[in-house]
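> Sharing a structure below in structure tokens format, with a few things to ask.
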Amino acid sequence: MHPLSFARVSRLACLSLVCLALTLVAAQPAVASSWSGTVTDESGTALPGVEVTLTYLMEPDWMEWVTVDEDLTDLSGAYYVTHSGFRSFNEYELTFHDPTGAHHDYVAAVGDPTDWGSFTLDVIMKSTDAWPDTTPPVTTDNAPKGWVTTPEHLNMAVKVTLTATDDLSGVAGTWYRVNGGDWLQGTTLNFAIRADHSADGIWSIEYYSVDVAGNVEPLKGCYVRIDTTEPAASLPAVQYSTGTVQLSVLDDLSPTCTVRIEMLRSGMKLRKHARDEVVATFVVQVPADGSLQTADLPSDVDSRWYSLRATATDLAGNVQATAATGVVHFKR
Ligand SMILES: [Ca+2]
Ligand SMILES: [Ca+2]
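What follows is the structure in structure tokens.
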């Protein structure tokens, strides 16, 4: 046997390192989720031949449910479904269908991308003969109760999840529509929030669910209100007053705004080197449609010139960043 040359040993060593690296890459576990368990009837008897389907509500086409894996339960009622890849989905569901029709379909709304790993889910499928189901499902929403504003939510989305439950036959599906549009089937709605304010608005959501027995839930509803735009108060440059000031406020979504008005002892008759000094502050609630409004001045201010600063706050809590300014000559 020939002794190995140094060059050949080096080449073999390099090759071994490459093989080792490839092995390490191959051994790296793919990002995957899997669900397994058994399907039985109410008496605990295994149900073979049940169709198990794993579906994802995909992004960016988040209206579309996509089947990613299917399995049939074996003789012991066991199933296994899995998915590998990235977390490019919003929500997933496991559905169980008994093709013999002897048992109600079962839908497990099992979660969102934060769930990632191996899960066990044992399912009891109820007999279609057991009880007549005359009660519709109950659906709830998790829409935010108040306004969604800037800045902490910018460039994100408000996600509303509809959760339906049904005691007997199980939920067959949930439908919703936004602002009276087309009815769509699904349980997840996303409302964008954009830094350029282009997604501001008020959306009304109507929804209902139907159970496997065909009972239809009465319509329910909720709102998503997104306002990332600050209101704008404005003042006439110069006004003469015997007890009131005029102002106007504009906001796209709030019908009224709160305006804080400061009166400063300065303005057109400002003494040289005198500093602005706030002598009175008052708050008024006015329509935010841009129309000219009149507010009473505090009763205890002296007759003289004042600078005015007005800052509006809309119903969502957005505050005008740059105060409106003007001057007023007040004389009783
Ligand atoms: Ca029912
Ligand atoms: Ca606003």
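Start counting the sequence shown at 28; every next residue gets the next number (this note's numbering).
In this text, a Cβ means the ideal position worked out from N, Cα and C, and glycines have one as well.
If you measure from the CB of L216, is any heavy atom of ligand 2 nearer than 6 angstroms?
It does not: the Cβ of L216 is nowhere closer than 6 angstroms to a heavy atom of ligand 2.
> Can you find the residues in the same chain that come closer than 8 angstroms, C-beta to C-beta, to L42, ignoring five residues on each side of it along the sequence?
In this predicted model, L42 has a pLDDT of only 41, less than 50, meaning its place in the structure is not dependable enough to derive any value.
> Whole angstroms are fine: how far does the CA of T215 sit from the CA of C284?
Spanning the two alpha carbons is a distance of roughly 33 angstroms.
> When you measure from the CB of L280 to every non-hydrogen atom of ligand 2, does any distance come out below 6 angstroms?
The answer is yes for L280.
> Grouping DSSP H, G and I as helix and E and B as strand, with all else coil, what is P314?
Three-state DSSP puts P314 in a strand.
> Here's the rule I'm using: 16 or more other beta-carbon atoms within 10 Å means buried, otherwise exposed. How should V93 be labelled?
The residue in question, V93, is exposed, as its Cβ has fewer than 16 Cβ neighbours within 10 Å.
> Go through its chain and collect everything with a Cβ distance to E97's Cβ below 6 angstroms, but skip five positions before and after it.
So the qualifying residues of the chain are T80.
> Can you tell me the Cα-Cα spacing of D227 and G64, whole angstroms?
If you take the alpha carbons of D227 and G64, they lie about 45 angstroms apart.
> Grab me the residues of L319's own chain with a C-beta within less than 7 angstroms of its C-beta, minus the 5 sequence neighbours each way, in chain order.
Cβ within range, chain order: Q273, S275.
> When we look at the beta-carbon of S334 and count the other beta-carbons within 10 Å, is it buried (16 or more) or exposed?
By the neighbour-count rule (16 or more Cβ atoms within 10 Å), S334 is buried.
> Spatial neighbours of V305 within its chain, please: C-beta separation below 6 angstroms, excluding the five flanking residues on both sides.
Closer than 6 angstroms at Cβ, skipping near neighbours: E289, L291.
> With 16 as the cutoff for other CB atoms within 10 Å, does A264 come out buried or exposed?
When all chains shown are included, A264 counts as exposed.
> Would you mind stating whether I229 and R204 have Cβ atoms separated by less than 7 angstroms?
The answer is no: Cβ separation not under 7 angstroms.
> Can you determine whether any heavy atom of ligand 1 sits closer than 6 angstroms to the C-beta of N206, and answer yes or no?
Checking every heavy atom of ligand 1 against the Cβ of N206, none is found closer than 6 angstroms.
> Are the region 143-154 and the region 163-170 in contact at 8 angstroms, needing three or more beta carbon pairs?
Flag = no, the region 143-154 and the region 163-170 do not touch.
> Just verifying my parser: in three-state terms, what is the DSSP assignment at D139?
In the structure shown, D139 sits in coil (DSSP, three-state: anything other than H, G, I, E or B).
> Give me the Cα-Cα distance between R359 and G353, rounded to the nearest whole angstrom.
C-alpha separation (whole angstroms): 19 angstroms.
> Apart from the five residues just before and just after A339, which ones in its own chain have a Cβ nearer than 6 angstroms to its Cβ?
The answer, listed in chain order, is P258, A260, V276, C284, V286, Q347.
> I'd like to confirm something about G345: is its beta-carbon nearer than 6 angstroms to some heavy atom of ligand 2, or not?
It is Asn, not Gly, that sits at residue 345 in the sequence shown. At least one heavy atom of ligand 2 is nearer than 6 angstroms to the Cβ of N345, so yes.
> According to DSSP, what are the bridge partners of T96?
According to the sequence provided, residue 96 is Asp. The question's Thr does not apply to it. L81, per the DSSP bridge assignment.
> When every heavy atom of ligand 1 is checked, does at least one fall within less than 6 angstroms of the C-beta of D160?
Yes.
> Which residue from D278, A219, Y83 puts its Cα closest to that of V313?
Out of D278, A219, Y83, D278 has the C-alpha closest to the C-alpha of V313.
> Closest to A343 by CA distance: which of W174, L262, D323, S196 is it?
Of the listed residues, the one whose Cα sits closest to A343 is W174.
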